[in-house]
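Given below as structure tokens:
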């Protein structure tokens, strides 16, 4: 079988998306509390809220990349099993490293909490949601293969309405009795919406998505609009509404930014560049390392103090970029080392388990 050669424009976007996610975590998990309005820090809070938006746009773009290529493939257990193996490996290794050398920063967890309901010391919402999406691939691909273009657009529009519009409106006006999550929104559900969007672009390749000029302008607009919104709502009366909805994954501004960023990179032809593809292969590892439940506390609460850089928005942004890039590079190096030392053994376990699960499903 001929091995698929990954296109470097998508891999470059994968790298950029993960960096966007990382700088979002600098803001969201940092010591600086941007959740409370402070008129003396208004400009810093504009940057803070914008970093929240672009981080979620990075998640959208990251999921779209995977879904774009998965939407015309058949399901097998290789992908979810490999993700599980990588996640379990990092979760346990990091936990034992932390309790050995950084015990002063964290509180060890009980054995029952370590093994149940899943054998993971750290919780990764992204991994769980992505694996759910992978297991729903057959159903999602059935929709993509059997529904007309118009029906598929109708479904995507409906999901956008309930999960990107009504769910946000529900956050803004939560006063009704039993109004909690009335749209049944979850991250796993939302990943399925993103899967259908990516599958639609893959199958029907709409004209607007094939122009670098149109997609580039669309991305610029999608990047500017949130800034204008944040500035207009950056006051004492509206700030709570602003912060409650910028950090959520399903805010429509992050969706538009992530989709336009994805289709823009789709039109950038840079061929196949080995170094980009090699680095991009570590992006999942970068996520597992830096957003580990224990590393997150040590990193953003103890080692990096964002509170020191809130004198003005320039210093907050520049130091956010600096520290995020530093963490990004260190995580890449750690994952590259892990790939060199452990990937052969991990892939062996993953392939064996995948083979058995695939064989079992054929019997059933």
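Numbering (our numbering), first residue to last: 1033 to 1396. In this text, a Cβ means the ideal position worked out from N, Cα and C, and glycines have one as well. It should be emphasised that the depicted structure is a prediction, and the values quoted were computed from it without experimental measurement.
Excluding residues up to 5 positions away in sequence, 1137 and 1138 lie with their Cβ nearer than 7 Å to the Cβ of residue 1329 in the same chain. The alpha-carbon of residue 1242 is positioned some 42 Å away from that of residue 1063. Between residue 1049 and residue 1324, the C-beta spacing is not below 8 Å. Short of 6 Å from the beta carbon of residue 1098, and not among the five residues preceding or following it, lies no beta carbon of its own chain. Burial of residue 1195 is indicated by the presence of at least 16 other C-beta atoms within 10 angstroms of its C-beta. The three-state secondary structure of residue 1351, taken from DSSP, is helix. At a Cβ-Cβ threshold of 8 Å, residue 1117 and residue 1382 count as neighbours.
Boundaries of the alpha helix (DSSP H) harbouring residue 1170: 1169-1178, taken from the DSSP string. At a Cβ-Cβ threshold of 8 Å, residue 1289 and residue 1131 do not count as neighbours. Setting aside the 5 residues that flank it on each side, residue 1255 is surrounded in the same chain by 1289, each with a C-beta closer than 7 Å to its C-beta; the list follows chain order. Between the alpha carbons of residue 1296 and residue 1247 lies a gap of roughly 5 Å. With fewer than 16 other beta carbons inside 10 angstroms of its own, residue 1302 counts as exposed.
Excluding residues up to 5 positions away in sequence, 1163, 1166 and 1167 lie with their Cβ nearer than 7 Å to the Cβ of residue 1112 in the same chain.
Taking 3 residues as the shortest admissible run, the stretch 1264-1328 contains no complete beta strand (DSSP E) segment at all. By the C-beta density criterion, residue 1367 is buried, having at least 16 other C-beta atoms within 10 angstroms.
If the five residues before and after residue 1044 are omitted, its C-beta is found closer than 6 Å to the C-beta atoms of 1308, all from its own chain and listed in chain order. DSSP places residue 1194 in no alpha helix (DSSP H); its state is neither H nor E. With respect to residue 1223, residue 1161 sits close: the two C-beta atoms are nearer than 8 Å.
Its chain contains 1345, 1348 and 1349 as the residues whose beta carbon lies nearer than 6 Å to that of residue 1079, once the 5 sequence neighbours on both sides are disregarded; these appear in chain order. Annotated three-state conformation of residue 1202 is helix, per DSSP. DSSP, reduced to helix, strand and coil, places residue 1375 within a helical segment of the structure shown. Taking all protein chains shown into account, residue 1388 has fewer than 16 neighbouring C-beta atoms within 10 Å of its C-beta and is therefore exposed.
In the three-state DSSP reduction, residue 1215 falls in the coil class, being neither helix nor strand. The stretch 1168-1182 makes contact with the stretch 1224-1236: 3 or more CB pairs, one atom from each, lie closer than 8 Å. The beta carbons of residue 1332 and residue 1072 sit no closer together than 8 Å. With 16 or more neighbouring CB atoms inside 10 Å of its own CB, residue 1092 falls in the buried class. Uninterrupted beta strand (DSSP E) stretches at least 3 residues long and entirely within the stretch 1072-1126 do not occur.
Counting along the chain, residue 1056 sits inside the alpha helix (DSSP H) bounded by residues 1040-1060. DSSP places residue 1344 outside both helix and strand once states are collapsed to three, so it counts as coil.
One Cα belongs to residue 1273, the other to residue 1082, and the distance between them is close to 14 Å.
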